[in-house]
Amino acid sequence: MTVTRVGVLISGRGSNLAALLDAAALPDAPYTIVAVISNRAGAAGLVCAREASRVAVYAVERAGVASRAAQQAEMARLLRAHGVEVVVTAGFDQILGPAFVDAYPERILNIHPSLLPAFAGTLRAQEEALAAGVKVSGCTAHLVTAEVDAGPIVAQAAVPVRDDDTVATLSARILAEEHRLLPHAMRLLATGQVRVEGRRAVIIAPPPHPPAHG
Ligand code: GRF
Numbered sequence: 001m002t003v004t005r006v007g008v009l010i011s012g013r014g015s016n017l018a019a020l021l022d023a024a025a026l027p028d029a030p031y032t033i034v035a036v037i038s039n040r041a042g043a044a045g046l047v048c049a050r051e052a053s054r055v056a057v058y059a060v061e062r063a064g065v066a067s068r069a070a071q072q073a074e075m076a077r078l079l080r081a082h083g084v085e086v087v088v089t090a091g092f093d094q095i096l097g098p099a100f101v102d103a104y105p106e107r108i109l110n111i112h113p114s115l116l117p118a119f120a121g122t123l124r125a126q127e128e129a130l131a132a133g134v135k136v137s138g139c140t141a142h143l144v145t146a147e148v149d150a151g152p153i154v155a156q157a158a159v160p161v162r163d164d165d166t167v168a169t170l171s172a173r174i175l176a177e178e179h180r181l182l183p184h185a186m187r188l189l190a191t192g193q194v195r196v197e198g199r200r201a202v203i204i205a206p207p208p209h210p211p212a213h214g
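Count the sequence shown with this note's numbering and you get residues 1 to 214, in order.
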């Protein structure tokens, strides 16, 4: 089995990163987390990244580099240095510029806390869902393209929105689904089950295992 080398970009708490690290530690995991980069040195998620074995951990802050593009170029350089094949943005609060997106075509996976295309392009998707009065929300794992939150959808999970929900209760219900969905979507990518057809990602059967020898 080939194991896909994954780099994760974070900005904060890192609970989705923790879910991915747990999933990658399972014996049959088709991917391994080799690098974690935060754009904030104080991100809580860096703590769990540093506790994981064999994960290179970096903070690449905007301060000290000439531009956002230069910051992301440094992130791409580090990821390449670790042989990263797939990048996951898990609570990463920067928009990735075209140079970074072009460096990993159809190979950047994002988790967003709404059922896209609803509540795209916002860091307050749960609050906006409540304000809109929707009865169902959820989360989306999608490929990153130049257009924010608009890339091919790999997987989604829905949750009910209750009349007495607060941003905190709805966010917690969605987050529990994110922790299942992101490792699932990562597995689909790593096993070659995601085929992009225009704006859509089509999920195909896993390729057959090579015949066993002996
Ligand atoms: C998650 O809700 C994610 O969907 C959104 O930001 C939050 C990050 O949480 N993009 P965590 O840092 O993974 O705990």
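For every residue, glycine included, the Cβ atom is placed at its ideal position computed from N, Cα and C.
For Ala35 and Glu74, I'd like the C-alpha separation in whole angstroms. 13 Å
Using a Cβ-Cβ cutoff of less than 6 Å, which residues in the same chain neighbour Arg195 once the five nearest sequence positions on both sides are dropped? Excluding residues up to 5 positions away in sequence, Val202 and Ile204 lie with their Cβ nearer than 6 Å to the Cβ of Arg195 in the same chain.
Please classify Asp149 as buried or exposed, where buried requires at least 16 neighbouring CB atoms within 10 angstroms. Per the 10 Å Cβ criterion, buried.
Close-in-space but distant-in-sequence residues of the same chain around Ala49 (CB under 6 Å, 5 per side omitted): Val36, Val55 and Val57
Thinking just about the alpha-carbon of each residue, which of Phe119, Ala141 and Leu46 is nearest to the one in Ala18? The residue with the shortest Cα to Cα distance from Ala18 is Leu46.
Can His112 be considered in contact with the ligand GRF, in the sense that its beta carbon sits closer than 7 Å to one or more heavy atoms? yes
State yes or no: is the C-beta of Cys48 nearer than 7 Å to some heavy atom of the ligand GRF? no
Under the rule that 16 or more other beta-carbon atoms within 10 Å means buried, what is Glu197, buried or exposed? exposed
On the three-state DSSP scale, how would you describe Leu26? Coil.
Is Ser114 near Ala132, with beta carbons less than 8 Å apart? Contact flag unset, no.
Looking at Ile95 and the ligand GRF, is the gap between the Cβ and the nearest heavy atom below 7 Å? no
Using 7 Å as the cut-off, classify the Cβ of Gly42 as near or not near the heavy atoms of the ligand GRF, replying yes or no. no
Which class does Ala70 belong to by DSSP, given the choice of helix, strand or coil? helix
With 16 other CB atoms within 10 Å as the buried threshold, where does Arg80 fall? exposed
Separation of Ala176 from Arg162, as counted between CA atoms: Using only the alpha carbons, I get a separation of about 16 Å.
Inter-residue Cα distance where the pair is Leu217 and Gln72: As displayed, the chain neither begins before 1 nor continues past 214, which places residue 217 out of reach and without an answer.
Beta carbon of Arg5, beta carbon of Gly83: below 8 Å? yes
Range of the contiguous alpha helix (DSSP H) that encloses Ile174: Val167 to Ala190
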